[in-house]
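In the numbering used here, the protein residues as written are 2 to 383.
Glycine is no exception: its CB is placed at the ideal position from the N, C-alpha and C atoms.
As the structure is a prediction and not an experimental result, all values here were calculated from the model.
One structure below.
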Amino acid sequence: MSQRALHTHFPSLTSAVPFADLGDLPTPVQALAALRGRLGPRAPELWVKRDDVSAVAYGGNKVRTLEVLFADALAQGATHIVSTGAFGSNHAAAAALHARQVGLEPCALLFPQPDTEAARENLEVTLTHAQVEELPHWSYLPYGLARTHLRDRQQGRRSYVMVPGGATPLGALGYVSAALELAEQVARGELPAPRTVVVAVGSTCTSAGLLLGFALAARRGLGFREVPTLVAVRVTPWPVTSHTRIVSLAERTAALMGQHGALATDSHGHALAPSRAELAAQLRVDGGYLGLGYGRVTSGGLDAIARFTLAGGPPLDTGYSGKSGAAFLDLARTGAAGPLLFWATKSSAPLPPAFAPSPSGHGRSADVLATLPRMRAFLQRG
Numbered sequence: 002m003s004q005r006a007l008h009t010h011f012p013s014l015t016s017a018v019p020f021a022d023l024g025d026l027p028t029p030v031q032a033l034a035a036l037r038g039r040l041g042p043r044a045p046e047l048w049v050k051r052d053d054v055s056a057v058a059y060g061g062n063k064v065r066t067l068e069v070l071f072a073d074a075l076a077q078g079a080t081h082i083v084s085t086g087a088f089g090s091n092h093a094a095a096a097a098l099h100a101r102q103v104g105l106e107p108c109a110l111l112f113p114q115p116d117t118e119a120a121r122e123n124l125e126v127t128l129t130h131a132q133v134e135e136l137p138h139w140s141y142l143p144y145g146l147a148r149t150h151l152r153d154r155q156q157g158r159r160s161y162v163m164v165p166g167g168a169t170p171l172g173a174l175g176y177v178s179a180a181l182e183l184a185e186q187v188a189r190g191e192l193p194a195p196r197t198v199v200v201a202v203g204s205t206c207t208s209a210g211l212l213l214g215f216a217l218a219a220r221r222g223l224g225f226r227e228v229p230t231l232v233a234v235r236v237t238p239w240p241v242t243s244h245t246r247i248v249s250l251a252e253r254t255a256a257l258m259g260q261h262g263a264l265a266t267d268s269h270g271h272a273l274a275p276s277r278a279e280l281a282a283q284l285r286v287d288g289g290y291l292g293l294g295y296g297r298v299t300s301g302g303l304d305a306i307a308r309f310t311l312a313g314g315p316p317l318d319t320g321y322s323g324k325s326g327a328a329f330l331d332l333a334r335t336g337a338a339g340p341l342l343f344w345a346t347k348s349s350a351p352l353p354p355a356f357a358p359s360p361s362g363h364g365r366s367a368d369v370l371a372t373l374p375r376m377r378a379f380l381q382r383g
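What follows is the structure, given as structure tokens:
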């Protein structure tokens, strides 16, 4: 199990919250000088946190969450790990590609979504490397989970089921650690302290972890004199990505840290846990870039993809980081307080061939689609 920034600054969590060793961390930071130059004189200093390269096999923001959840699954004696989400879920694809590294058999329970190239690529990877079941609609998820639980109990299989995006207080600790990691990079002089951080929000796990982590770093005098404003750009609609829901998850994550003695008081006797009001004040949720809904392509997202590519930034996708990239560009154009940092969340690692065996010998035949009619139709539309 790996030592992460969370353990460095909160040693009581080292044994209480172990991390599986999946990521190539810390991820680098990069100045976006060329992009800034293309946006005009009002643009502030621009930076990016390259979580798109968080792991060789499959990067992106899900790796940090999976490090915590996989370790918890192993501690509970699980043999199978079950991801849940939409057909093109980044979380499901990441779990499918990383689970066997730690001895877990990947499974997925997925429901339909709008058709995009990135979603099809993710689904092909998940189908190739995991045992997959499909649901007719997202509203069937409680039924699917109940059915999975009953089947596993009958078969004597020990499965660990993750909610969509791993959005639990335990899962969010992966991004508390990421926020502390960024603060360490600021303290080392690798980048100036950002005034504003822009990130895509889908399941809320990443946003909630960053929200809490930034507040904790500032309280400890690590990197930040002021807590950065977190701009969470919706890629899934309200109420999933409501301001209240993100703050609540951050608050529950702080409570979990407190249960393990990590947030009592500092050396001066000051409480380390930020209040709900403090967390709420540093978060801004922006739904202006969602377009027609989850997975729907937007013109702003396509423009952001092109501009980041031309300027040598990380590759973006239409469903997630393209939309947060569009918000980032607009903030830069209007002269938002800088430095301004973009958090890259979509993996840029090359995907393995679909329906081909992995190096470990695992792989699934395309014949599996015969039992998954909705997924077959989804892929054929592409």
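#1: Determine the closest residue to Thr254 out of Leu280, Ala32 and Arg235, with distance taken between C-alpha atoms.
#2: By a C-beta neighbour count over all protein chains shown, 10 Å radius and 16 as the cutoff for buried, is Leu98 buried or exposed?
#3: For the ligand NAD, any of its heavy atoms closer than 7 Å to the Cβ of Gln77?
#4: Is the stretch 94-112 touching the stretch 190-198 in the sense that three or more CB pairs, one from each, lie closer than 8 Å?
#5: Just to confirm my understanding: we take Asp73, look at its own chain, exclude 5 residues before and 5 after, and list those with CB closer than 7 Å. What are they?
#6: My understanding is that Leu33 touches Pro195, with C-beta atoms under 8 Å, so please give their C-beta distance in whole angstroms.
#7: What are the start and end residues of the alpha helix (DSSP H) that includes Ala87?
#8: With Glu106 as the anchor, note down where its beta strand (DSSP E) starts and where it stops.
#9: Helix, strand or coil for Thr230, going by three-state DSSP, please let me know.
#10: Out of curiosity, what's the CA-to-CA distance linking Val64 and Thr28?
#11: Compare the Cα-Cα distances from Arg39 to each of Gly214, Ala337 and Ala312 and report the closest residue.
#12: How big is the Cα-Cα spacing for Thr129 and Val286?
#13: So what's Leu14 in DSSP terms, helix, strand or just coil?
#14: So Tyr290 and Lys324 are in contact, right, with Cβ under 8 Å, and what is the actual spacing, rounded?
#15: Is Glu191 helix, strand or coil by DSSP?
#16: What span of residues does the beta strand (DSSP E) with Glu134 cover, start to end?
#17: Near Arg375, which residues of its chain fall below 6 Å by C-beta distance, leaving aside the five closest residues on each side in sequence?
#18: Which whole-angstrom value describes the C-beta separation of Leu264 and Ala251, a residue pair presumed to lie in contact below a C-beta threshold of 8 Å?
#19: Please go through the same chain and pick out, in chain order, the residues whose beta-carbon is closer than 7 Å to the beta-carbon of Pro12, but skip the five residues on each side of it.
#20: Suppose only complete runs of 4+ residues qualify. What are the alpha helix (DSSP H) ranges in the stretch 293-376, listed by chain order?
#21: What are the partner residues of Leu284, as DSSP defines its beta bridges?
#22: I need the boundaries of the beta strand (DSSP E) containing Gln31, first residue and last residue.
#23: Only counting the same chain, and skipping five residues up and downstream in sequence, which positions put a Cβ closer than 7 Å to that of Gly314?
#24: Look at Val198 and Val232 and say whether their C-beta atoms are less than 8 Å apart.
#25: Residues in its own chain within less than 6 Å of Val236 by CB, not counting five upstream and five downstream?
#26: Taking the alpha helix (DSSP H) that Ser160 belongs to, which residues open and close that run?
#27: For Leu330, which residues of its own chain have a beta-carbon under 6 Å away from its beta-carbon, when the five flanking residues on both sides are left out?
#28: What does the Cβ neighbour count give for Gln156, buried or exposed, with the cut at 16 atoms within 10 Å?
#29: Which residue comes first and which comes last in the alpha helix (DSSP H) that contains Leu47?
#30: Across which residues does DSSP place Val202 in a beta bridge pair?
#31: Nearest to Phe379 by alpha carbon, out of Glu125, Gly104 and Pro42?
#32: For Phe225, does the three-state DSSP call read helix, strand or coil?
#33: Going by alpha carbons, who is nearest to Trp239 out of Val298, Gly224, Gly292 and Ala131?
#34: Sort Ala278, Leu217 and Ser243 by Cα distance to Gly288 and report the nearest one.
#35: From the DSSP output, in three-state form, read off Thr117 for me.
#36: Since Ser90 contacts Asn123 with CB under 8 Å, what's their CB separation in whole angstroms?
Taking the geometry as given:
#1: Leu280
#2: Leu98 comes out buried.
#3: This structure simply doesn't include the ligand NAD, nor any ligand for that matter.
#4: No: the two stretches stay apart, fewer than three of their Cβ pairs being nearer than 8 Å.
#5: Leu171
#6: The Cβ separation is near 12 Å, so there is no contact.
#7: First-last for Ala87: His81 to Ala87, but that is the beta strand (DSSP E), not the alpha helix (DSSP H).
#8: Element bounds for Glu106: Glu106 to Phe112.
#9: strand
#10: 12 Å
#11: Ala312
#12: 36 Å
#13: helix
#14: 4 Å
#15: Coil.
#16: In this chain, the beta strand (DSSP E) harbouring Glu134 covers Gln132 to Glu135.
#17: Pro113 and Glu135
#18: Going by Cβ atoms, the distance from Leu264 to Ala251 rounds to 12 Å, so no, they are not a contact pair.
#19: Excluding sequence neighbours, Pro12 sits near nothing in its chain.
#20: 300-311 and 322-334
#21: Leu231
#22: Val30 to Ala32
#23: Leu33, Leu36 and Val49
#24: yes
#25: Once the five neighbours on either side are set aside, the close Cβ partners of Val236 are Ala201, Gly203, Tyr321 and Lys324.
#26: Note, Ser160: premise wrong, no alpha helix (DSSP H); beta strand (DSSP E) at Ser160 to Val162.
#27: Contacts found: Ala305.
#28: exposed
#29: Segment Leu47 to Lys50 is the beta strand (DSSP E) holding Leu47; no alpha helix (DSSP H) there.
#30: Arg235
#31: Glu125
#32: coil
#33: Nearest of Val298, Gly224, Gly292 and Ala131 to Trp239, Cα basis: Gly292.
#34: Here the closest residue by C-alpha is Ser243.
#35: coil
#36: 6 Å
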